[in-house]
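Residue numbers (the working numbering), protein chains in the order written: chain A, 1 to 261; chain B, 1001 to 1261.
2 protein chains.
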Amino acid sequence: MVTSEQHPAGSQAVDRALSILEILARRGESSVGAVAVELGVHKSTASRLLAALERHGLVVQSEWRGTYQLGFGLIRLAGATTAHSSVSRELQSICDTLAQSLNDTVNVAILDELACINVVQAMGRASVAAVKEYVGRRTPLHATSSGKVLLAYAPPEIREKVLSLPLAAFTDRTIGSPSVLRAALDQVLDQGWATNDEEWERDTSAVAVPVRSLRGDVVAALSVTGPSTRINPPRFADIASRLQAGAATMSAHVEFLASLR
Amino acid sequence: MVTSEQHPAGSQAVDRALSILEILARRGESSVGAVAVELGVHKSTASRLLAALERHGLVVQSEWRGTYQLGFGLIRLAGATTAHSSVSRELQSICDTLAQSLNDTVNVAILDELACINVVQAMGRASVAAVKEYVGRRTPLHATSSGKVLLAYAPPEIREKVLSLPLAAFTDRTIGSPSVLRAALDQVLDQGWATNDEEWERDTSAVAVPVRSLRGDVVAALSVTGPSTRINPPRFADIASRLQAGAATMSAHVEFLASLR
DNA sequence: GTGACTGTTGCAGAACGTGAGACGGGGCGC
DNA sequence: GCGCCCCGTCTCACGTTCTGCAACAGTCAC
């Protein structure tokens, strides 16, 4: 086998095992054979790696000798992440404060491939609507405020990739045209905040601002989501400025924010 | 080094890497040296394993050459778990239905070491209180309804282990005496459901029932949590029977529920 | 400035993971 | 019901890759 990757030093087996988790995250469910093909290894190797992952509860097989899926051990670990990680804790605390003052759901989201993922969430007391947003949720980049922020500041190749793919519609207001999206992203860069005016879900709107590392790179998006009765165009700018204050606190207080990735 | 474990076949490096995740989940933050000691390997080995984990975003180091913590990649994967896993999806759907009908927060929790972990959650429309429960949350076994269910049906060694350790108090109603807890667990086995009457948080109560695999083993707990104004002793039995219906649906519909672990 | 400490990086050896193939169990078609 | 095929797991010998040692490079304390 050709060693196409040039990692600093070798942890081949670990790399492969972790890649399996990503494959399963993408596919949702996969057979040993399929995993082996995608990894480019023999099926016995894939079988053993999966067995190791299963021993730790990170994957489960649906039936005896059935297909594999991600397991609940990951939820356990993710819970520990939010509970123990100092970065998470600080972000959480800032979000809690914002959620209290804005009275709606506040999220921190990061870019992952071609999607936007919530990593921290805080809810305002006024949350009466069913909870559609949650930590770990993947949302499209073109139909959410956080997504637009992340996309606007993302490397050009990501931006162009999204612009070149079909833009799925979720409501009748979802941006469907690449040129309109491009203009919207330019506006985001210009004004420093993005909105989602019922483009992702009916009667629900949101505002988002970038969160920057100390070096100035945009590493995350901070957003507030709520019913359009409270979050609507006349108030967008005001909400954005309050979010920006929170984002600034994050940049200042959260050490090594760049590690979000 | 003595090979004290007898795994079917070897994935030593993968096992160690995954163990690191568990160590970090427990400790929250750890230095390379500490990880190496706990794993019983050389620090260079720990360093390389951590680097591999970091490449995949599962851990991050606080600063340059600083300590390591769990990373947001885990949240990404956990999100994929709930989104794609067929088991999760079915459990989620059943919880959603229950949450709508009971109008409070419904959780599925599993046993993890000496704690209880929420793996699925659905919220009723009436949730006005701040969200204290969340997926991934670890709670003690003696102070929650889910915990009592899991503990009551757990293997004797787990049960005795918990009974032998000090029982932390969270409210003035938390069970603090092993003999009282033992009696409570016996009652759970007897009646088939457990309660938490403001023992974990003031003004908040809960009811939980066991979820069984098709083989009859208790693999999880299904619970509803809400303000004591709605969830209180006179209603416990009725709520429990409605939960039991949901648990039965889970056993019947969710294939290979045993894989929860 | 010096010394102790901690994390990362060459290096050689060997342990461990890998791949080929065999085994065994199910599913499906005939 | 029988036999074929497919798929996941197990065994085994080989050699790739991981490991531990030791040196290196920063950092903190004094």
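Backbone N, C-alpha and C fix where the C-beta goes; we use that ideal spot for every residue, glycine too.
What span of residues does the beta strand (DSSP E) with residue i cover, start to end?
{"i": "residue 41 of chain A", "result": "Segment: none, residue 41 of chain A is in no beta strand (DSSP E) and carries neither H nor E."}
{"i": "residue 1031 of chain B", "result": "Unbroken run through residue 1031 of chain B: none, as it is neither H nor E."}
{"i": "residue 1140 of chain B", "result": "1138-1140"}
{"i": "residue 1135 of chain B", "result": "Where residue 1135 of chain B is concerned, there is no enclosing beta strand (DSSP E), given that its DSSP letter is neither H nor E."}
Which residues bound the alpha helix (DSSP H) around residue i?
{"i": "residue 267 of chain A", "result": "Nothing about residue 267 of chain A can be reported from this structure: the residues present for chain A run from 1 to 261 only."}
{"i": "residue 1149 of chain B", "result": "1145-1153"}
{"i": "residue 1074 of chain B", "result": "1073-1084"}
{"i": "residue 163 of chain A", "result": "156-164"}
Give the interface partners of residue i over in chain A, defined as CB-CB distance under 9 Å, in chain order.
{"i": "residue 1035 of chain B", "result": "Correct list: empty, because the minimum Cβ distance to chain A is about 14 Å."}
{"i": "residue 1029 of chain B", "result": "84, 85 and 86"}
{"i": "residue 1142 of chain B", "result": "Those within 9 Å of residue 1142 of chain B in chain A number zero; the least Cβ separation is about 19 Å."}
{"i": "residue 1056 of chain B", "result": "14, 15, 18, 19, 21 and 22"}
Just to make sure I have the definition right: I need the residues of chain A whose C-beta is within less than 7 Å of the C-beta of residue i. Which are they?
{"i": "residue 1136 of chain B", "result": "75, 76, 78, 79 and 82"}
{"i": "residue 1245 of chain B", "result": "Within chain A, no residue comes near residue 1245 of chain B; the closest Cβ sits about 22 Å away, beyond 7 Å."}
{"i": "residue 1152 of chain B", "result": "In chain order: nothing, as chain A lies at least about 21 Å away."}
Rank the options by C-alpha distance to the C-alpha of residue i and give the top, closest one.
{"i": "residue 36 of chain A", "options": "A:183, A:120, A:20 and A:234", "result": "A:20"}
{"i": "residue 191 of chain A", "options": "A:144, A:121, A:11 and A:148", "result": "A:148"}
{"i": "residue 1219 of chain B", "options": "B:1070, B:1027, B:1234 and B:1151", "result": "B:1151"}
{"i": "residue 1226 of chain B", "options": "B:1248, B:1246 and B:1201", "result": "B:1201"}
{"i": "residue 54 of chain A", "options": "A:45, A:40, A:43 and A:73", "result": "A:73"}
{"i": "residue 1081 of chain B", "options": "A:47, A:28 and A:228", "result": "A:28"}
{"i": "residue 1141 of chain B", "options": "B:1051, B:1168 and B:1038", "result": "B:1168"}
{"i": "residue 1012 of chain B", "options": "B:1030, B:1031, B:1039 and B:1033", "result": "B:1039"}
{"i": "residue 1059 of chain B", "options": "A:228, A:85, A:251 and A:199", "result": "A:85"}
{"i": "residue 1188 of chain B", "options": "B:1214, B:1217, B:1229 and B:1145", "result": "B:1145"}
{"i": "residue 1087 of chain B", "options": "A:68, A:208 and A:139", "result": "A:68"}
{"i": "residue 1207 of chain B", "options": "B:1234, B:1199, B:1194 and B:1116", "result": "B:1194"}
{"i": "residue 173 of chain A", "options": "A:163, A:205 and A:237", "result": "A:205"}
{"i": "residue 212 of chain A", "options": "A:94, A:47 and A:153", "result": "A:153"}
Kindly list, in the order they appear in chain B, the residues whose Cβ is closer than 8 Å to that of residue i.
{"i": "residue 109 of chain A", "result": "Here the premise fails: no neighbours, minimum Cβ distance about 10 Å."}
{"i": "residue 11 of chain A", "result": "1013, 1017, 1048, 1049, 1051 and 1052"}
{"i": "residue 252 of chain A", "result": "Within chain B, no residue comes near residue 252 of chain A; the closest Cβ sits about 16 Å away, beyond 8 Å."}
Could you give the DSSP three-state label for residue i: helix, strand or coil?
{"i": "residue 1023 of chain B", "result": "helix"}
{"i": "residue 1006 of chain B", "result": "For residue 1006 of chain B, the predicted structure reports a pLDDT of 47, less than 50, and the residue's modelled location is therefore unreliable. A value from the coordinates is still provided. Correct three-state label for residue 1006 of chain B: coil."}
{"i": "residue 239 of chain A", "result": "helix"}
{"i": "residue 1112 of chain B", "result": "strand"}
{"i": "residue 188 of chain A", "result": "helix"}
{"i": "residue 122 of chain A", "result": "strand"}
{"i": "residue 1 of chain A", "result": "The predicted position of residue 1 of chain A is uncertain, since its pLDDT is 40 and thus under 50; a value taken from the coordinates is nonetheless stated next. Coil, per DSSP."}
{"i": "residue 105 of chain A", "result": "strand"}
{"i": "residue 129 of chain A", "result": "With a pLDDT of 46 at residue 129 of chain A, under the threshold of 50, the modelled position of this residue cannot be trusted; read the value that follows with caution. Coil at residue 129 of chain A, not helix or strand."}
{"i": "residue 1251 of chain B", "result": "helix"}
{"i": "residue 1231 of chain B", "result": "coil"}
{"i": "residue 216 of chain A", "result": "coil"}
{"i": "residue 1168 of chain B", "result": "coil"}
{"i": "residue 47 of chain A", "result": "helix"}
Per the DSSP calculation, residue i is bridged to which residue(s)?
{"i": "residue 1205 of chain B", "result": "B:1197 and B:1226"}
{"i": "residue 1210 of chain B", "result": "B:1221"}
{"i": "residue 1070 of chain B", "result": "B:1059"}
{"i": "residue 1117 of chain B", "result": "B:1110 and B:1138"}
Would the C-beta of residue i count as close to the ligand SAH, meaning under 6 Å from any of its heavy atoms?
{"i": "residue 22 of chain A", "result": "Ligands are entirely absent from the displayed structure, and the ligand SAH is therefore not among its contents."}
In chain B, which residues lie less than 7 Å from residue i when you measure between Cβ atoms?
{"i": "residue 21 of chain A", "result": "1077"}
{"i": "residue 112 of chain A", "result": "1076"}
{"i": "residue 119 of chain A", "result": "1072 and 1075"}
Using the beta-carbon of each residue, which ones in chain B are nearer than 9 Å to residue i?
{"i": "residue 69 of chain A", "result": "1081, 1084, 1085, 1086, 1087, 1088 and 1259"}
{"i": "residue 168 of chain A", "result": "Ordered by position in chain B, no residue passes the 9 Å Cβ test against residue 168 of chain A, which lies about 16 Å from the chain."}
Which chain A residues are close to residue i, counting only those with a beta carbon under 8 Å from its beta carbon?
{"i": "residue 1221 of chain B", "result": "Chain A residues near residue 1221 of chain B: none, gap ~13 Å exceeds 8 Å."}
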